[in-house]
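Step one of this worksheet: look at the structure below.
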Amino acid sequence: MGQCEDSAKISSTRENVVGIIANPASGRDIRRLVAQGGVFTIAEKCSIIARLITALGVTGVTTILMIPDRGGIAERVRRAVATRSSEDQGPKVVFLGMQVEDGPADTVLGAAQMAAAGVRAIVVLGGDGTQRLVAGACGDVPIVPLSTGTNNVFPESREATIAGLAAGLVATGKVPAAEVTVRNKVLRLEIDGAHDDLAVVDISVSKSRWVGSKALWRPEDLDQIFVTFAESDAIGLSSVAGLIRPVSRRAPHGLRVDLASPERAKVTLQCPIAPGLILPVGIEHVEEIHGGEIQTPRLAQGTIALDGERELEYSSRRHVTVRLDGQGPYTIDIDKVMERAAHERLLAID
Amino acid sequence: MDLTRSNLLDAYRIMRLIRVFEERLHLEFATGEIPGFVHLYAGEEAIATGICLLLDERDKITSTHRGHGHCLAKGCDVFGMMAEIYGRKNGLCAGKGGSMHIADLSKGMLGANGIVGGGPPLACGAALAAKRLGKGGVAVSFVGDGGANQGTFLESLNLASIWSLPCVFVVENNGYAEATSSKYAGACHDFADRANGFGMPGVTVDGHDFFAVYETANEAIQRARRGGGPSLVECKVNRYYGHYEGDTQSYRGPNEVEKIRETRDCIHHFATRVTSAALLKQSELDDIDREVAALVEDSVNQAKSAPRPDLTDLLTDVYISY
Chain A
0 MGQCEDSAKI SSTRENVVGI IANPASGRDI RRLVAQGGVF TIAEKCSIIA RLITALGVTG
60 VTTILMIPDR GGIAERVRRA VATRSSEDQG PKVVFLGMQV EDGPADTVLG AAQMAAAGVR
120 AIVVLGGDGT QRLVAGACGD VPIVPLSTGT NNVFPESREA TIAGLAAGLV ATGKVPAAEV
180 TVRNKVLRLE IDGAHDDLAV VDISVSKSRW VGSKALWRPE DLDQIFVTFA ESDAIGLSSV
240 AGLIRPVSRR APHGLRVDLA SPERAKVTLQ CPIAPGLILP VGIEHVEEIH GGEIQTPRLA
300 QGTIALDGER ELEYSSRRHV TVRLDGQGPY TIDIDKVMER AAHERLLAID
Chain B
0 MDLTRSNLLD AYRIMRLIRV FEERLHLEFA TGEIPGFVHL YAGEEAIATG ICLLLDERDK
60 ITSTHRGHGH CLAKGCDVFG MMAEIYGRKN GLCAGKGGSM HIADLSKGML GANGIVGGGP
120 PLACGAALAA KRLGKGGVAV SFVGDGGANQ GTFLESLNLA SIWSLPCVFV VENNGYAEAT
180 SSKYAGACHD FADRANGFGM PGVTVDGHDF FAVYETANEA IQRARRGGGP SLVECKVNRY
240 YGHYEGDTQS YRGPNEVEKI RETRDCIHHF ATRVTSAALL KQSELDDIDR EVAALVEDSV
300 NQAKSAPRPD LTDLLTDVYI SY
């Protein structure tokens, strides 16, 4: 039988501990109505977690920390662990002893508690929004971002088995973290001089007065987009920047794109704003932004979207600024880890 | 999301009207004067309001046990509703339906329903009629999380999908089907997930947030009007009272409702946001509060003094002769 415990019983042998954070709510927003966003069911997320647990176990990870939830993930994982066969000596799964709010706060608190517990890596299942929440709370713990959301630029679409092997090889020290992790840029949002939040891919300024259903999909609502990086094959708002002036994840700078209606724009591009939704976006001006520079939105009032989701309604009474920061979360380079695994026969059976 | 000042005032007025109406019924039911059961909608006002504001005279809705909010948001007469709930002759259904069977076909309100999951098949019929009429009408089926576990609901999703009906299924997931947690009773976390299996889009939205409901419903309704077919909108929400009046709610956590009232109240959040954005003045909201309080007071007084149906009414309005 497998073991499933709560966090009061975490052992002191922390080098083999990995966290898994899975957002039960990702992939269910309005983009299923206005675009053609797919659905990641709880069953599919649990299947991914099962593959992760198996792979982490193979690398020698002995304990996995998870967040309790009311979304059905914790319940299914507990059931799966409890019904393991007697031959299955998989890792112990430990649920953090935290109050569940059934919202984004759970992800933030869970990531912070995992970091405090000394996990060596956190695998994060979600879209850009979920990755953003973890990035703001995980400190220097490297993350493995896996895509289960709608517009996914920061997380990779990877087979969980391979992601689990990579995370496990780093967590168990078989591959030195310093050699296979990279530090990412973030955009920091400040309101009235105080740090308020961050984004891992983009901060957008919208004319919309209301946060509403959160997702942004109407180009006519957009006024500016700030990006940490912009890939030409990206989906979502950063695709606007990626199609006019790509910026790599490793470049020291980011980009600010000022938008205009297609009638007034210098260039109008067809941009993949959401899955199945390719719309004309007018671009007026593009400018590199560098670390430390303070950027102020042009609009006196509107909403601020972090990684594609409207989060803040602001008026002219609030002073909003955006700043690029190179000191974002560390991520594990799965390709590099697996290359090392092959080169050094790290998965060889003794 | 285009919302004029007039829209915002209407939204506040309807939400406040539902709240005051329900809180008054909470008090009045305890006096024993109201026959039958009542199931109060307080706490869920943003859903009915955010959706029904987008509907017009072409559109039909079907409701649940908890139907007062849907009725008021769809424009049913407050006096007729209160009289109906009191079982009076001048009620919307001549005092014979009561809270759980309240209906006003002239307003497109096809009825609260004593059958859990009874509304979705009716909405499919209304949507089929709307499709045949070709005037862009839609049907909205409100259903609870308990109703969403009924076969009627799933059959209706299927029917709506294969016939591409202009129907929007709104699951008001308030966490409990009577006393049973939806986490226990539903083999899914989000009822929106079920839409995928029937080939229609499913969206989960915060049912406490008028703006989120309105924006999402607008897309679903416009899609249906354009001939895009059905969709499912799940609104996660909480109710402030028991399943029915008199429910001791022993299945709820200590201070659960108090905490929700303090932190998630849809009317409070709406008022704060529209006044912070300087779109409405607090004095305008205060005027609406006074107007609504007087309206509900009048409706209760009139209902109490209205005559009940008499014996000669026993078999009228009950069966239709074709």
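Chain order of the listed sequences is A and B. With numbering that gives the first Met the number 0, letter number 227 in the first sequence gets 226, and the count goes up by one each step, no holes. With numbering that gives the first Met the number 0, letter number 78 in the second sequence gets 77, and the count goes up by one each step, no holes. For each residue, glycine too, the CB sits at the ideal point set by N, CA and C. No experiment lies behind these values; they were computed from the predicted model shown.
Host beta strand (DSSP E) of residue i (start-end)
{"i": "Ala198/A", "result": "Ala193 to Ala198"}
{"i": "Lys235/B", "result": "Ser230 to Lys235"}
{"i": "Asn157/B", "result": "Element bounds for Asn157/B: not the beta strand (DSSP E) but the alpha helix (DSSP H), Gly150 to Ile161."}
{"i": "Glu43/A", "result": "Unbroken run through Glu43/A is the alpha helix (DSSP H), Ile41 to Thr58; no beta strand (DSSP E)."}
{"i": "Tyr11/B", "result": "Note, Tyr11/B: premise wrong, no beta strand (DSSP E); alpha helix (DSSP H) at Arg4 to Phe28."}
{"i": "Ser238/A", "result": "Premise fails: Ser238/A lies in the alpha helix (DSSP H), Ser237 to Ile243, not in any beta strand (DSSP E)."}
{"i": "Arg255/A", "result": "Gly253 to Ala259"}
{"i": "Leu64/A", "result": "Thr62 to Met65"}
{"i": "Thr350/A", "result": "Residue 350/A lies beyond the stretch modelled for chain A, which goes from 0 to 349, so this question has no answer here."}
Continuous alpha helix (DSSP H) stretch holding residue i: start and end
{"i": "His67/B", "result": "His67 to Ala72"}
{"i": "Lys280/B", "result": "From DSSP, Lys280/B is part of no alpha helix (DSSP H); its letter is neither H nor E."}
{"i": "Cys75/B", "result": "Careful: Cys75/B lies outside any alpha helix (DSSP H) and carries neither H nor E."}
{"i": "Pro119/B", "result": "Gly118 to Leu132"}
{"i": "Leu323/A", "result": "Leu323/A -> not in any alpha helix (DSSP H); beta strand (DSSP E) instead, spanning Val319 to Asp324."}
{"i": "Lys182/B", "result": "Ser181 to Ala184"}
{"i": "Glu302/A", "result": "Note that residue 302/A corresponds to Thr in the displayed sequence, not to Glu. Run containing Thr302/A: none in the alpha helix (DSSP H); it sits in the beta strand (DSSP E), Gly301 to Leu305."}
Top-ranked residue by Cα proximity to residue i, from the options
{"i": "Ile331/A", "options": "Gly71/A, Leu145/A, Arg297/A and Leu278/A", "result": "Leu145/A"}
{"i": "Tyr393/B", "options": "Ile161/B, Gln221/B, Leu39/B and Val142/B", "result": "It is not possible to answer for residue 393/B, since the shown part of chain B is limited to 0 through 321."}
{"i": "Gly37/A", "options": "Leu310/B, Gly42/B, Leu294/B and Gly196/B", "result": "Gly196/B"}
{"i": "Cys265/B", "options": "Ile33/B, Ala122/B, Arg12/B and Ser98/B", "result": "Arg12/B"}
{"i": "Pro308/B", "options": "Lys88/B, Ser282/B and Pro165/B", "result": "Lys88/B"}
{"i": "Leu108/A", "options": "Ile20/A, Leu242/A and Val239/A", "result": "Ile20/A"}
{"i": "Thr48/B", "options": "Gly31/B, Pro165/B and Ala211/B", "result": "Ala211/B"}
{"i": "Leu188/A", "options": "Val321/A, Pro23/A and Leu32/A", "result": "Val321/A"}
{"i": "Gly241/B", "options": "Phe28/B, Thr215/B and Gly124/B", "result": "Phe28/B"}
{"i": "Glu283/B", "options": "Val295/B, Ala270/B and Ala293/B", "result": "Ala270/B"}
{"i": "Asp127/A", "options": "Val200/A, Ile72/A, Leu186/A and Ser314/A", "result": "Val200/A"}
{"i": "Asp222/A", "options": "Asp232/A, Val239/A, Ala233/A and Gly211/A", "result": "Val239/A"}
{"i": "Arg75/A", "options": "Phe94/A, Ile161/A and Gly59/A", "result": "Phe94/A"}
{"i": "Ile63/A", "options": "Thr267/A, Gln269/A, Leu242/A and Val16/A", "result": "Val16/A"}
{"i": "Val299/B", "options": "Leu2/B, Ile33/B and Asp1/B", "result": "Ile33/B"}
{"i": "Ser249/B", "options": "Glu56/B, Asp55/B and Tyr175/B", "result": "Tyr175/B"}
{"i": "Lys206/A", "options": "Gly135/A, His284/A and Tyr313/A", "result": "Tyr313/A"}
{"i": "Gly113/B", "options": "Asn254/B, Phe36/B and Lys258/B", "result": "Phe36/B"}
{"i": "His25/B", "options": "His268/B, Ala305/B, Gly245/B and Arg289/B", "result": "Gly245/B"}
{"i": "Val139/B", "options": "Asn148/B, Ala186/B, Tyr183/B and Ser155/B", "result": "Ser155/B"}
{"i": "Gly301/A", "options": "Thr129/A, Gly70/A and Leu311/A", "result": "Leu311/A"}
{"i": "Val115/B", "options": "Ile220/B, Glu177/B, Lys134/B and His268/B", "result": "Glu177/B"}
Environment of residue i [buried if 16+ CB atoms lie within 10 Å]
{"i": "Ile41/A", "result": "buried"}
{"i": "Val273/B", "result": "buried"}
{"i": "Met14/B", "result": "buried"}
{"i": "Leu7/B", "result": "buried"}
{"i": "Val204/A", "result": "buried"}
{"i": "Ile308/A", "result": "Rather than Ile, the amino acid found at residue 308/A in this sequence is Glu. It counts as buried."}
{"i": "Val181/A", "result": "exposed"}
{"i": "Ile9/A", "result": "Confidence at Ile9/A is low in this model, with a pLDDT of 49, below 50, so the placement of that residue should be treated as unreliable; the coordinate-derived value is given next. Buried: at least 16 other Cβ atoms inside 10 Å."}
{"i": "Lys354/A", "result": "With chain A running from 0 to 349 in the structure shown, residue 354/A is simply not present."}
{"i": "Ala293/B", "result": "exposed"}
{"i": "Glu21/B", "result": "buried"}
{"i": "Asp316/B", "result": "exposed"}
{"i": "Pro279/A", "result": "exposed"}
{"i": "Pro200/B", "result": "buried"}
Supposed contact pair residue j and residue i - C-beta distance, whole angstroms, cut 8 Å
{"i": "Val256/B", "j": "Asn173/B", "result": "At roughly 11 Å, the Cβ-Cβ gap does not stay under 8 Å, so Val256/B and Asn173/B are not in contact."}
{"i": "Ser98/B", "j": "Ala111/B", "result": "7 Å"}
{"i": "Ala120/A", "j": "Ala166/A", "result": "5 Å"}
{"i": "His252/A", "j": "Ile224/A", "result": "So it is not a contact: roughly 15 Å between Cβ atoms."}
{"i": "Leu124/A", "j": "Pro103/A", "result": "About 15 Å; that fails the 8 Å criterion."}
{"i": "Gly79/B", "j": "Tyr239/B", "result": "Not a contact, Cβ separation roughly 25 Å."}
{"i": "Thr203/B", "j": "Leu32/A", "result": "With a Cβ gap of about 11 Å, Thr203/B and Leu32/A do not count as contacting."}
{"i": "Leu164/B", "j": "Gly228/B", "result": "7 Å"}
The stretch 206-220 of chain A: which residues have C-beta closer than 8 Å to a C-beta of chain B, in chain order?
Hits within the stretch, in order: Ser207, Arg208, Trp209, Val210, Gly211, Ser212 and Lys213.
Check distances from the C-beta atoms of the stretch 193-204 of chain B to those of chain A and list, in chain order, the residues that come in under 7 Å.
Asn195, Pro200, Gly201, Val202, Thr203 and Val204
Interface positions of the stretch 310-322 of chain A facing chain B (Cβ-Cβ less than 8 Å), listed along the chain
Listed by position, the residues of the stretch 310-322 of chain A near chain B (Cβ gap below 8 Å) are Glu312 and Ser314.
In the stretch 9-38 of chain A, which residues sit with their C-beta less than 9 Å from some C-beta in chain B, listed in chain order?
Pro23, Ala24, Arg27, Asp28, Ile29, Arg30, Arg31, Leu32, Val33, Gln35, Gly36, Gly37 and Val38
Taking Cβ-Cβ distances below 7 Å as the criterion, which residues of the stretch 175-194 of chain B are in contact with chain A?
Only those residues of the stretch 175-194 of chain B whose C-beta falls short of 7 Å from the nearest C-beta of chain A are listed: Lys182, Cys187, His188, Asp189, Ala191 and Asp192.
Of all the residues that make up the stretch 59-84 of chain A, which are near chain B by a beta-carbon distance shorter than 7 Å?
Hits within the stretch, in order: Arg69, Gly70 and Gly71.
Members of the stretch 123-155 of chain A near chain B, C-beta cut-off 9 Å
none
Give the residues from the stretch 204-217 of chain B that approach chain A closer than 7 Å (Cβ to any Cβ), ordered along the chain.
Val204, Phe210, Ala211, Glu214 and Thr215
Taking a Cβ distance cut-off of 7 Å, strictly less, list which residues of the stretch 226-248 of chain B are near chain A, in chain order.
Ser230
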